[in-house]
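Notes follow once the structure below has been shown.
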Amino acid sequence: MNYRQFRSLGLTLGAALIITGCGGLGKMNKYVENITYTIDPNPLIVQGDSVALNINGNFPGKYFYKKASVELVPTLTYSAGETPYKSAFFQGENAASNYTVIPYETGKSFNYNDKVAYQPSMETSELMLKIIGRQGSKEMEFDP
């Protein structure tokens, strides 16, 4: 094998490693719309002195990469700023974390409950759901 063939083979293998190494989070971001969820109550209402939130959702089968983890950050945005609810964490079967495990083949449903203190400026607000994927040292905010 001469030098040109060796160099060409090296570049091809390097490109293949880069493509397969980024496939987990990239594919999860590409198919993020396959995550289904419902918000209850919809629209959100003030209950006493707080705004309660319940999310019932589902990660479909063959979506959640085995070595990835995901953080869901529901945030109430309004004219005076934003107030995040507590984060929910999920992980693939082989991820090195201690979160709720989502099986690759079957997927899994999830339920999330939290509340934040009500402020009068929240009267006109919108709930935003930020999804952050992580795999090793890589981190990616998924497109809504």
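Anchor point for the sequence shown: position 93 equals 139 in this note's numbering, and the numbering is continuous, going up by one each time. Just so you know, even glycine gets a beta-carbon here, dropped at the ideal spot from N, CA and C.
Going by C-alpha distance, which of Q93, A126, G103 is nearest V78? G103
Under a three-way DSSP split, which group does L90 fall into? coil
With distances taken from CA atoms, which of F105, K113, G182 is nearest N140? K113
May I ask whether a heavy atom of the ligand FAD can be found less than 6 Å away from the beta carbon of L175? Ligands in the displayed structure: none, and consequently the ligand FAD is not present.
Identify the residues that DSSP records as bridge partners of A134: which are they? L118
Determine the contact status of M32 and T121, defining contact as a CB-CB distance below 7 Å. With the chain represented from 47 up to 190, any question about residue 32 goes unanswered, as that position is not in the structure.
Nonlocal neighbours in the same chain, by C-beta distance under 6 Å from I148, ignoring five residues either side: So the qualifying residues of the chain are F105, F110, F136, K154.
Excluding sequence positions up to five away, which residues of its chain have a Cβ less than 7 Å from the Cβ of E128? T121, L122
Local conformation of S16 per DSSP, three classes: Absent from the model: residue 16. The displayed extent of the chain is 47 to 190, so no value can be given.
Taking the alpha-carbon of G107 as reference, which of N157, T82, D95, L99 has the nearest alpha-carbon? T82
Starting from I101 and walking both ways along the beta strand (DSSP E), at which residues does that stretch end? 96-105
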